[in-house]
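Peer 1: Input: one structure, supplied below.
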Amino acid sequence: RLVDPAAVLAGLDDEQRAAVLAPRGPVCILAGAGTGKTRAITHRIAHGVLTQATAPNHVLAVTFTARAAGEMRGRLRALGVAGVQARTFHAAALRQLRYFAPRVFDGRAMPDLLETKARVVGQAASHQRVKLDRTGVRDLTSEIEWAKSAMVEPDGYAVAATDAARETPLPPDQVAAVYAGYEQLKRRMGVIDFEDLLRATIWAIEDHRDVAEQIRAQYRHFVVDEYQDVNPLQQRLLEAWCGGRDDLTVVGDASQTIYSFTGADASYLIDFPRRHRGAVVIRLERDYRSTPQVVGLANEVIAAGRGVEAAVRLQLIGQRAPGPKPRVSHYPDEPAEAGAVAARCRELLRSGVSAAEIAVLFRTNAQSETYEQALADVGVPYVVRGGERFFERPEVREAMLLLRGAARAAQSDEASSTVDAVTGALSGLDWRADSPPSGGAARERWESIAALLRLAEETVGAGTPAAEGLPRFVDELAARAAAQHVPTVDGVTLGSLHAAKGLEWDAVFLVGLAEGTLPITYAKTPAQLEEERRLLYVGVTRAREHLWLSWAAARSPGGRGSRRPCRFLPAGALPAGVPGTSVAPSVKPSSRPAARSLPTCRICGVALFDPRHRKLRRCGECPANYDEELYERLQAWRGALAREQKLPPYVVFTDA
Ligand code: ATP
Ligand code: MG
138 RLVDPAAVLA GLDDEQRAAV LAPRGPVCIL AGAGTGKTRA ITHRIAHGVL
188 TQATAPNHVL AVTFTARAAG EMRGRLRALG VAGVQARTFH AAALRQLRYF
238 APRVFDGRAM PDLLETKARV VGQAASHQRV KLDRTGVRDL TSEIEWAKSA
288 MVEPDGYAVA ATDAARETPL PPDQVAAVYA GYEQLKRRMG VIDFEDLLRA
338 TIWAIEDHRD VAEQIRAQYR HFVVDEYQDV NPLQQRLLEA WCGGRDDLTV
388 VGDASQTIYS FTGADASYLI DFPRRHRGAV VIRLERDYRS TPQVVGLANE
438 VIAAGRGVEA AVRLQLIGQR APGPKPRVSH YPDEPAEAGA VAARCRELLR
488 SGVSAAEIAV LFRTNAQSET YEQALADVGV PYVVRGGERF FERPEVREAM
538 LLLRGAARAA QSDEASSTVD AVTGALSGLD WRADSPPSGG AARERWESIA
588 ALLRLAEETV GAGTPAAEGL PRFVDELAAR AAAQHVPTVD GVTLGSLHAA
638 KGLEWDAVFL VGLAEGTLPI TYAKTPAQLE EERRLLYVGV TRAREHLWLS
688 WAAARSPGGR GSRRPCRFLP AGALPAGVPG TSVAPSVKPS SRPAARSLPT
738 CRICGVALFD PRHRKLRRCG ECPANYDEEL YERLQAWRGA LAREQKLPPY
788 VVFTDA
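Residues in the sequence shown are numbered from 138 upward in steps of one, following the working numbering.
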């Protein structure tokens, strides 16, 4: 166990160290994939705690996926730091709302979380006599999610959707009607959805002074990982938590924004230094995760991008020893592609790579099945991440019911540990820790329960008393089920590109990289297409060492093999003889200057959206903007460092 704060600084480069040592106050790390952003913030938290500048229970660290939150907790534990809250926005909100429920819901218990949103949206649609297939329901569900994340009520939907140039799945007034019906159905069922959970927490803080005071006494230091994915609703919650205080560290990579369709807005990240005077801005460009070969491909994929993030992007510089070149292959049909991937997985396992270090990533969850089949055929264990499967397994549903009952019964049980209470509650499922069955279905059932138990240990700790731990575990499960975050099992990870964010594996297979799948057919506008490009960038940057990219010309054997490779694959990376896919621009170039040409501040590197600062090439927030002498000194300093080839890609400045 580390207790020496100096050890926390040891494994960091100069810029990361600057992030760790920056004084209390707003800090913003803008950097590409694999540059150690998550590492920098976990070390910043650990350093604060170990030097006793920060009490661990005063820190609230939030991120967007349960797995990423778990990873942060794991890294903090490894640094010898306990007691820091590292959670998803939803899990943090759920915990707070449950605590304040009697005050917020007039003495009533907190409503249950709705786990099957699409079903209720489908019901609301049929009440409105709107006929939809599964895809239609899905699109409508995401549209309602977008509206709620943008804090748009049914009444204001039509106007807001037009303003935001949404491609609505139905005429806007129909979406609004289904949205209103959905809200009504939920009220009648006595349940709340994910967005309601955040909204209710915001109201609890904004409308109840005692709640606000208690929250503010509890949390004093805030950290947000993957901040590029924050949406207006989450941003408002963050502001409610902070309550005007500014001890806030955000990190993100605008090139990895992949949730715009649910309202994520990278401009919160890009504009952070402008919104927070005196913010310390740090940019990282050294990539510690991937081989230079993988880094090179990642740079190529994203360099051609034209999103707003282009202005703030840095080239990644690979730090690791060279490795194998990323391999790009194509197959006549999908089963052939999946078969080849499965065979390679088996070779990797034989060569000593652990199954947990391999991932197969795809654009849509529907692609999972072919790969599950192919891996099962060659006897390679796998886990489906972010798919619908895990929480829909009957044994998991049953286990969750049993646990919910047990949590209610355990209110005064301080005697047994959580993990024992979970095992006890699940004994009704005839589960034995020591005897995994050998047969397929029974084995899968056993694996599910084993995964739940491991999750209980990981999220609440083995020794926590049942009275406290069981309700917390049940909350965690509900949040994960709603977000489809599957607990870890040892096996090759099968998952969507969305679910893979922030994670890394030794070997990564990016499959189905054909036009129509990536970019997906319904991505039509330039903004949607740019998001598809960023998805590929996220995928490529997950690989530490081995990276295979592939697509199939047809869906099934004997089909018309007319699919073309994903347009974002650089032509130079394609197998010999395969022409790249070039696509004529679908819209006329807009008269607005391309984001790429936006000038950036010469000091902090932030894009200059404000025309007043263009000539000076310095952003409004840089102190040097008002102080020529300071500017000259900074430039001289940068010049000297550049000559010694030690130029840091950041400048730290504070109000002092
Ligand atoms: P992403 O954008 O994908 O979330 P990230 O910027 O958060 O990536 P990390 O996950 O923090 O990157 O780091 C990537 C990998 O590089 C991790 O395995 C981490 O341990 C390693 N790493 C980061 N910084 C250093 C360093 N200074 N020295 C050695 N390894 C490092
Ligand atoms: Mg990260």
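We put the CB at the ideal spot given by N, CA and C, even for glycine.
DSSP state of S734, grouped into three classes?
Peer 2: Confidence at S734 is low in this model, with a pLDDT of 42, below 50, so its placement is unreliable and the value that follows should be read with caution. Three-state result, S734: helix.
Peer 1: May I ask which residues mark the beginning and end of the alpha helix (DSSP H) holding S505?
Peer 2: Note, S505: alpha helix (DSSP H), S505 to D514.
Peer 1: Confirm the yes/no value for this check: CB of K174, any heavy atom of the ligand MG, distance under 7 Å.
Peer 2: For the ligand MG, at least one heavy atom lies less than 7 Å from the Cβ of K174.
Peer 1: Alpha carbons only, please: which of F409, D150 and I329 is nearest the one belonging to F242?
Peer 2: I329
Peer 1: With C-beta atoms as the reference, is G600 less than 8 Å away from S553?
Peer 2: no
Peer 1: Nearer than 7 Å: is that true of the beta carbon of G639 relative to any heavy atom of the ligand MG?
Peer 2: yes
Peer 1: Look at L234 and Y356 and say whether their C-beta atoms are less than 8 Å apart.
Peer 2: no
Peer 1: So what's Y519 in DSSP terms, helix, strand or just coil?
Peer 2: strand
Peer 1: With the cut-off set at 8 Å, would you say L277 and V312 are in Cβ contact?
Peer 2: yes
Peer 1: Please classify A475 as buried or exposed, where buried requires at least 16 other C-beta atoms within 10 Å of its C-beta.
Peer 2: With 16 or more Cβ atoms within 10 Å of its Cβ, A475 is classed as buried.
Peer 1: Could you tell me which uninterrupted alpha helix (DSSP H) segments, each at least 4 residues in length, are contained entirely in the stretch 142 to 214, listed from first to last along the chain?
Peer 2: 142 to 147, 151 to 158 and 174 to 187
Peer 1: Distance, Cα to Cα, G696 vs Q510?
Peer 2: 20 Å
Peer 1: Pairing CB atoms from the stretch 461 to 468 with CB atoms from the stretch 705 to 714, are three or more of them under 8 Å?
Peer 2: Contact between the stretch 461 to 468 and the stretch 705 to 714 is present, because at least three Cβ pairs lie under 8 Å.
Peer 1: How about D424: is its Cβ closer than 7 Å to a heavy atom in the ligand MG?
Peer 2: Checking every heavy atom of the ligand MG against the Cβ of D424, none is found closer than 7 Å.
Peer 1: Pull the bridge partners of W685 from the DSSP assignment, please.
Peer 2: Looking at the DSSP assignment, W685 forms a beta bridge with R464 and F646.
Peer 1: Should D366 be counted as a contact of the ligand MG given a C-beta to heavy atom distance under 7 Å?
Peer 2: If you check the C-beta of D366 against the ligand MG, you find no heavy atom less than 7 Å away.
Peer 1: Please report the straight-line C-alpha distance between R353 and T338, rounded to a whole angstrom.
Peer 2: 14 Å
Peer 1: Going by other Cβ atoms of all chains shown within 10 Å of its Cβ, with 16 needed for buried, is E152 buried or exposed?
Peer 2: Classification for E152: buried.
Peer 1: Are at least three pairs of beta-carbons, each pair with one atom in the stretch 414 to 422 and one in the stretch 184 to 203, less than 8 Å apart?
Peer 2: no
Peer 1: Leaving aside the five residues before and after R275 along the sequence, list all residues of the same chain whose C-beta is less than 8 Å from its C-beta, in chain order.
Peer 2: A255
Peer 1: Quick check for students: name the residue ranges of the beta strand (DSSP E) that lie wholly in the stretch 283 to 346, counting only runs of 3 or more.
Peer 2: Taking only runs of at least 3 residues, no beta strand (DSSP E) segment lies wholly in the stretch 283 to 346.
Peer 1: Quick check: what's the CA-CA separation for R671 versus V677?
Peer 2: V677 has its alpha-carbon roughly 10 Å from the corresponding atom of R671.
Peer 1: I'd like the list of long-range same chain contacts for N436, defined as Cβ closer than 8 Å, with 5 residues on each side in sequence excluded.
Peer 2: Q452 and L453
Peer 1: Over what stretch of residues does the alpha helix (DSSP H) that includes S404 continue unbroken?
Peer 2: S404 to I407
Peer 1: Taking the alpha carbon of G171 as the reference point, which residue from V597, P602, G455 and L498 has its own alpha carbon closest?
Peer 2: G455
Peer 1: Rounded to whole angstroms, what is the Cα-Cα separation between R336 and L374?
Peer 2: 8 Å
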